[in-house]
Structure formats: structure tokens, C-alpha cells
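A.B. asks: Before I ask anything, let me first share the structure, which is written out below as C-alpha cells.
Number of protein chains: 2
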Amino acid sequence: MSNPKAAIVIIGNEILSGRTLDTNTNTIVKALNNIGIIVNETRTIPDNEDIIIETVRELSSKYDYVFTTGGIGPTHDDITSQALSRAFGVKYCRHPEAYKIVKELYESRGQEVTPAREKMAYTPQGAELILNEGTPPGFSIENVYVLAGVPLIMESMLKNILPTLKRGEVIESRQLEIMVGESKIATMFEELQHRYPKVDMGSYPFIKNNQHGTALVLRSSNYELLDKAYKELEELVNLSK
Amino acid sequence: MSNPKAAIVIIGNEILSGRTLDTNTNTIVKALNNIGIIVNETRTIPDNEDIIIETVRELSSKYDYVFTTGGIGPTHDDITSQALSRAFGVKYCRHPEAYKIVKELYESRGQEVTPAREKMAYTPQGAELILNEGTPPGFSIENVYVLAGVPLIMESMLKNILPTLKRGEVIESRQLEIMVGESKIATMFEELQHRYPKVDMGSYPFIKNNQHGTALVLRSSNYELLDKAYKELEELVNLSK
């Protein structure tokens, strides 16, 4: 079983200006990894229609799935839906079911459906809605999933689409933290990697209470091999103490 | 005066697996914005030599600056220096000054310069070092700045190179937070944007204590215009109350 491949595109000037720390990428990659979808790359791009179009076209032809966040609200800087329509050469128009949802949402609060609110019911023609309790929907077109930018709303939309995605073998990880710098274990660790080419091994230095430490992370979808390599790693680390 | 353009490349499987939340991007974009360098895009890619080469070549020809983080440590998964050497078609070799630094660093701790530690003195031939107190150096080659992945070390290296970079007009921002959903102010805000095409206006919904609010952000390097637009925004918001 092979793993579906995905890319994430964070759309938003607020990330590129440093105003906002992006946490959506981390939320999405964790969720996808849990069902065996590999995220091969992530990008952050500005609210610029041509750049959105170019990026989405490139990544949607390269990967099984593309997930975007941001730019589907009611204001003038929300241009993801228009851009996606042009990216796939379809009309940008009011989605009947989305309009019904938006209308009910605002009318239930005793509010009018102003043109700005109606805008949130516009999608590329033929888009499938990503429903979400209490907010206008996101949507998917071809293999691109268009999610909100607000983390709580994004996460809730993501939960709704996860069950519909193709799955792959889940890559599990085992981690060993040691309180020595990584240069001390580099040779041993590389030799272990050579003995287990199907286990992906990474070494991540950290500083805790002014002390240098290293997290040794083993990842594989072959759990038997993973456990074997991890056991060997534990023994090697104990030996070198 | 125009603004230099930059891209950021985060290199690391640990970001793409969700193990680590990337905060380096946010640190770098903030620092660059403060000196008028615009970050046009950011990417996260795996520890894969071919992908690093392809990405760095593409972005270094497209932008004035490229900043990478990660992959310059002593372990086998640290391959940024090799990849950069191949990307620019130069030899991957021991840098005399970097070797001196690494040697002194470990000898001052009474430790040997093992092959793994010596590896941290290897750079693309002709690279300029990015010095950093207490750690092996980063380096730059052509317009690419290669920084460490550990946030504290990355930040300290970044501080050392900022004074050497070309600057642009600093884009300042003014922000107004209002406790109404953004659909309420969308029309007013769009009209304001049309009156001030040189002020970039963004609307960012948030949820605080279960209440919907909106941050209206105005950005421009023309501060007089920025203040004028902001004053008008305040008046419009007060009128609509």
C-alpha cells in the first residue's frame, strides 16, 4: 500500500508579514500523518490571485491532495474562491446549497444577507461543499480542499473531510531523548540508519535548562522493523554511557 | 526605493511530520519586515537532496534573498551543505576558517574533533561564514543564507547577518480590533481600500471569549497616507456603532 501525497498552501499576507504565527500547517500535517497521507511540502503565499492560481495548479498536478487555508471570508482581501475558479477554468458563481446555508445562518441571527455575506456562498462551479456547524462552508474542487483560515474553524472543517480521503499505511514514530549533544551519537546513529534503510532516522538537537540534548526519532510504517531498530538504538545509547 | 524580495525555506522532516511546530518562519519574516525586506513566499521541504537543490535554485533565481533553516548539524540527516554545493555547482569541502572554529570549540571543552564534528566545518567552496558565538557557523553562498534549525541558534545567526543585507522602505502597520464579525464591516472596508489603493488592507476574524471579533490591519510604507487612512477607518467604525 502506498501513501497518498499532499501539499498544504497557507494563503495570507498576515503570515508573510509576521503578524500571525501559522499553526494551521502543524494541525493539518498531524491529522494527515495519522491516516497515512504524507505531506511532501507546504507553502505560504500572499493574497494575490495570480500567485494562488499558479501555486494551486502546480501542486494539484503534482500531488494527490492539496489543502489550502485562508481567504474564504466576506471581505475584499478574501479571493481564494475566485482564484480557484480561474485555476480550474470554471465559473465563479453562487452555490445554491451554500447560499441556503449562509441565508439560514444569518436569518437565524435576525441579520440580513448583505452582498458581503452572500459572497461566502460563491464557489467555483461544481465545487463540493465542506460543511461546518455555525459557519459558511468551505469547498473542494478536483483534488483541492479549501478551508477557512481561523484555526478553530479550519480544524473543524478538516475533521469533516478526513473520513472521505484515501488512506495510506500510517507511519509511526519512536523517540528517544538523550541529554548529550548530537555530535556524540552521530556515527553510531548513521551506522544504525545504514542497517535499517527502511526506517527513517532523524536527530533533533534541543536546549533544555541550558543543557544540550538530542531527540532521536525513528519513523516507519513497518512497525516490527521500527521496534527492532528502536530496541537496538536503546542498547547502543546505553552502551555509550 | 523598492523593497528587496525574499523567500524562506524550512528544511526538515520533523516539520512535515508535525513533530515540531515551525516558529523560525515567523521569527525571520518579522526581522526582515523590520528592515523593509518583503517575504514573498515560504516553503517547508523534506531532508531530500534533490528537492533542496531544485527548491534553492528556483527561489534563488527568483528573489533577492533566500534564507534556509535546518540540516547543518553533524548527523547523517543533515545534508543542506552538500545540497547547496550541488545546487551551485561547487565543491563540498572543509572550510579552513570554519574548521578552526569547530576545532577550538570542541578542544575548549576537552573534546575531540570527530569526523561528525568536522562535518560541521564543511561548506560549499567559497561560502562566507555566518559566525555565531558557541556553535559551528552557518554560511551564505550567492544570495542564499544557510541558518541552523534550532530556534535560539537560528535567531542569533540571523541577528548577525541582518546588518549586511540591503534594506527597503519599512512597511508599517496600524491595527484596529472591533468586536463584530467581519461581514458587518466588509462593504465599508472595501470602499476604504478603493480610496487608498497604496495602503494594503486586510481583515482577520478572531474568536475571543466565545465572541467574534475582527482585526482590521492597514499596511503601507507611506506613513502619512497610512495615518490618514487609519483615522478615516476609526471614524467609519465609530459611525457604524
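In order, the protein sequence lines correspond to chains A and B. Following our numbering, the numbering of the first sequence begins with 1 at its first residue and continues without gaps. Following our numbering, the numbering of the second sequence begins with 1 at its first residue and continues without gaps. From the three backbone atoms N, C-alpha and C, an ideal C-beta is built for every residue, glycine too. Computed from a prediction, not measured in an experiment: that's the story for all the values here.
Excluding the 5 residues preceding and the 5 following Ala229/A in the sequence, name in chain order all residues of the same chain whose CB lies nearer than 6 Å to its CB.
C.D. replies: Excluding sequence neighbours, Ala229/A sits near Tyr196, Val199, Leu218.
A.B. asks: Are any of the Cβ atoms in chain A nearer than 9 Å to that of Arg19/B?
C.D. replies: Yes, Arg19/B lies at the interface with chain A (some Cβ there is under 9 Å from its Cβ).
A.B. asks: From the DSSP secondary-structure annotation, give me the bridge partner or partners of Ala98/A.
C.D. replies: Partner(s): none; Ala98/A has no beta bridge.
A.B. asks: Between Thr187/B, Leu225/B, Ile72/B, which lies nearest to Val150/B when the distance is taken from Cα to Cα?
C.D. replies: Ranking Thr187/B, Leu225/B, Ile72/B by Cα distance to Val150/B puts Ile72/B first.
A.B. asks: Which of helix, strand or coil does DSSP assign to Leu131/B?
C.D. replies: Coil.
A.B. asks: Could you tell me which residues DSSP puts in a beta bridge with Val144/A?
C.D. replies: According to DSSP, which records beta bridges pairwise, Val144/A is partnered with Val66/A, Ile141/A.
A.B. asks: Which residue marks the beginning of the alpha helix (DSSP H) containing Phe189/A, and which one marks its end?
C.D. replies: Looking at the DSSP string, the run of the alpha helix (DSSP H) that includes Phe189/A is 186-195.
A.B. asks: How many Å lie between Pro115/B and Ile79/B at the Cα?
C.D. replies: Approximately 15 Å between the Cα atoms of the pair.
A.B. asks: Going along the region 192-215 of chain B in order, which residues come within less than 8 Å of chain A, judged by CB to CB distance?
C.D. replies: Within the region 192-215 of chain B, the qualifying residues are Gln193, Asp200, Met201, Gly202, Ser203, Tyr204, Pro205, Phe206, Ile207.
A.B. asks: If contact is defined by three or more beta carbon pairs under 8 Å, each pair taking one atom from either stretch, is the region 52-65 of chain A in contact with the region 178-188 of chain B?
C.D. replies: With the cut-off at 8 Å, the region 178-188 of chain B and the region 52-65 of chain A do not touch.
A.B. asks: For chain B, find out if any of its Cβ atoms is closer than 9 Å to the Cβ of Asn26/A; answer yes or no.
C.D. replies: True, the Cβ-Cβ gap to chain B drops below 9 Å.
A.B. asks: Could you check if Thr164/B is buried or exposed, using at least 16 other CB atoms within 10 Å of its CB as the buried criterion?
C.D. replies: It counts as exposed.
A.B. asks: Would you say Gly149/B lies against chain C (beta-carbon separation less than 9 Å)?
C.D. replies: This model lacks chain C altogether; the protein chains it does include are A and B.
A.B. asks: Run the CB neighbour count on Asn210/A, radius 10 Å, all protein chains shown included, and call it buried at 16 or more, exposed below.
C.D. replies: Exposed, since its Cβ has fewer than 16 Cβ neighbours within 10 Å.
A.B. asks: So, for Leu162/A: in the same chain, excluding its five sequence neighbours on each side, which residues have a beta-carbon less than 7 Å away from its beta-carbon?
C.D. replies: So the list reads Ala31, Ile35, once near-sequence residues are dropped.
A.B. asks: Relative to the alpha-carbon of Thr242/A, which residue among Glu232/B, Leu21/B, Leu239/B, Thr69/B has its alpha-carbon at the smallest distance?
C.D. replies: It is not possible to answer for residue 242/A, since the shown part of chain A is limited to 1 through 241.
A.B. asks: Take the Cβ of Asp95/A as the centre, count every other Cβ of all protein chains shown within 10 Å, and call the residue buried at 16 or more, exposed below.
C.D. replies: Reading off the sequence, residue 95/A comes out as His, not Asp. It is buried - the Cβ of His95/A has at least 16 other Cβ atoms within 10 Å.
A.B. asks: Going by Cα to Cα distance, which pick from Glu235/B, Tyr99/B, Glu142/B is closest to Glu112/B?
C.D. replies: Measuring from the Cα of Glu112/B, the nearest candidate turns out to be Tyr99/B.
A.B. asks: Taking C-alpha atoms, which residue in Leu147/B, Leu226/B, His194/B, Asn222/B lies nearest to Ile8/B?
C.D. replies: Ranking the options by Cα distance to Ile8/B, first place goes to Leu147/B.
A.B. asks: Going along chain A in order, which residues have a C-beta closer than 7 Å to the C-beta of Lys30/B?
C.D. replies: Within 7 Å Cβ-Cβ: Gly18.
A.B. asks: With a cut-off of 9 Å, does the C-beta of Asp78/A fall near any C-beta of chain B?
C.D. replies: Yes, because at least one Cβ of chain B sits closer than 9 Å to the Cβ of Asp78/A.
A.B. asks: Do Gln175/B and Tyr122/B have their C-beta atoms closer together than 9 Å?
C.D. replies: For Gln175/B and Tyr122/B, no; Cβs fall outside 9 Å.
A.B. asks: According to the neighbour-count rule (16 or more other Cβ atoms, all chains shown, within 10 Å of its Cβ), is Glu41/A buried or exposed?
C.D. replies: Its Cβ being crowded by 16 or more others within 10 Å, Glu41/A is buried.
A.B. asks: Give the residues of chain A in contact with Arg117/B, contact being defined as C-beta atoms less than 7 Å apart.
C.D. replies: Here the neighbours are Ser183.
A.B. asks: Measure from the alpha carbon of Glu107/A to the alpha carbon of each residue in Gly126/A, Ile37/A, Thr135/A, Leu216/A, then state which is nearest.
C.D. replies: Ranking Gly126/A, Ile37/A, Thr135/A, Leu216/A by Cα distance to Glu107/A puts Thr135/A first.
A.B. asks: Helix, strand or coil for Ser240/B per DSSP?
C.D. replies: Note: Ser240/B maps to coil in three-state DSSP.
A.B. asks: Within a Cβ cutoff of 6 Å, which residues of the same chain sit near Tyr242/B, ignoring the five residues on either side of it in sequence?
C.D. replies: The question about residue 242/B has no answer here: the residues shown for chain B are numbered 1 through 241.
A.B. asks: Answer yes or no: do Ala215/B and Glu172/B have a C-beta to C-beta separation smaller than 9 Å?
C.D. replies: Not closer than 9 Å, so no.
A.B. asks: Applying the 10 Å Cβ sphere with the 16-neighbour rule, what's the burial state of Tyr145/B?
C.D. replies: Tyr145/B should be labelled buried.
A.B. asks: Can you round the beta-carbon distance between Ile141/B and Phe67/B to whole angstroms, since I take them to be within the 8 Å contact cut?
C.D. replies: Rounded, the Cβ-Cβ distance is 12 Å, inconsistent with contact.
A.B. asks: Mapping the DSSP letters down to three states, classify Glu107/B as helix, strand or coil.
C.D. replies: Glu107/B: helix per DSSP, three-state reduction.
A.B. asks: So is Thr144/B in contact with chain A if we call contact Cβ pairs under 9 Å?
C.D. replies: Strictly speaking, residue 144/B in this sequence is Val, with Thr absent from that position. So, not an interface residue.
A.B. asks: Could you give the distance in angstroms between the alpha-carbon of Gly70/B and the alpha-carbon of Arg86/B?
C.D. replies: Taking the straight line from one Cα to the other gives about 17 Å.
A.B. asks: Which one of Asn160/A, Met120/A, Ile10/A has the shortest CA to CA distance from Leu131/A?
C.D. replies: Closest option to Leu131/A, Cα to Cα, is Asn160/A.
A.B. asks: Output yes if chain B places a C-beta closer than 9 Å to the C-beta of Ser173/A; else output no.
C.D. replies: Yes - at least one Cβ of chain B is within 9 Å of the one on Ser173/A.
A.B. asks: Could I get the ranges of all uninterrupted alpha helix (DSSP H) runs contained in the region 21-64 of chain A, with 4 residues as the minimum, in chain order?
C.D. replies: Runs of the alpha helix (DSSP H) inside the region 21-64 of chain A: 24-33, 49-62.
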